[in-house]
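J.:
Numbering (the numbering used here), first residue to last: 22 to 125.
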């Protein structure tokens with residue numbers, strides 16, 4: 022049986038370092054507690070390569086993330102907090118028929 026790909030939707034802006042650490046911990050927890058799932062946070066590395074503060078970098082990062090939604094890579098989106106970016110990811114999930122789970 023294939024494992025479910027779980028996209029971690031989490032705010033990044035604001036307290037960048039604490040948010041990134043929170044995402045890392047969520048990734049680890051899902052990995053350990055849900056062996057039938059593969060946590061997925063592609064933006065995590067993007068945030069270290071591109072700047073969320075530079076609009077063109079932010080737009081580029083969002084276009085990369087949207088590609089995963091469009092291609093059907095993601096089985097579920099788990100929401101851990103709300104932000105403009107998370108709201109966009111929820112809208113993409115709805116657009117492509119991907120289940121959204123509120124984990125707040």
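Built from N, CA and C at the ideal position, the CB exists for glycine as well.
Is residue 25 helix, strand or coil by DSSP?
T.: As a first step, residue 25 must be located in the chain shown, where it is residue number 4. Strand.
J.: Going by alpha carbons, who is nearest to residue 54 out of 109, 83, 27?
T.: Walking along the chain shown from the start, residue 54 turns up at place 33. When only C-alpha atoms are compared, the closest one is 27.
J.: With a cut-off of 9 Å, does the C-beta of residue 91 fall near any C-beta of chain B?
T.: Looking for chain B here will not work: only one protein chain is present.
J.: So residue 101 and residue 124 are supposed to be a Cβ contact under 8 Å. How far apart are they, rounded?
T.: As a position in the chain shown, residue 101 is number 80, starting the count at 1. As a position in the chain shown, residue 124 is number 103, starting the count at 1. Confirmed, Cβ separation roughly 5 Å.
J.: What first and last residue would you give for the alpha helix (DSSP H) that runs through residue 94?
T.: Here residue 94 corresponds to residue number 73 of the chain shown, with the count starting at 1. Where residue 94 is concerned, there is no enclosing alpha helix (DSSP H), given that its DSSP letter is neither H nor E.
J.: For residue 16, does the three-state DSSP call read helix, strand or coil?
T.: The question about residue 16 has no answer here: the residues shown for the chain are numbered 22 through 125.
J.: Apart from the five residues just before and just after residue 60, which ones in its own chain have a Cβ nearer than 8 Å to its Cβ?
T.: Position 39 of the chain shown holds residue 60. Here the set comprises 27, 29, 47, 48, 51, 52.
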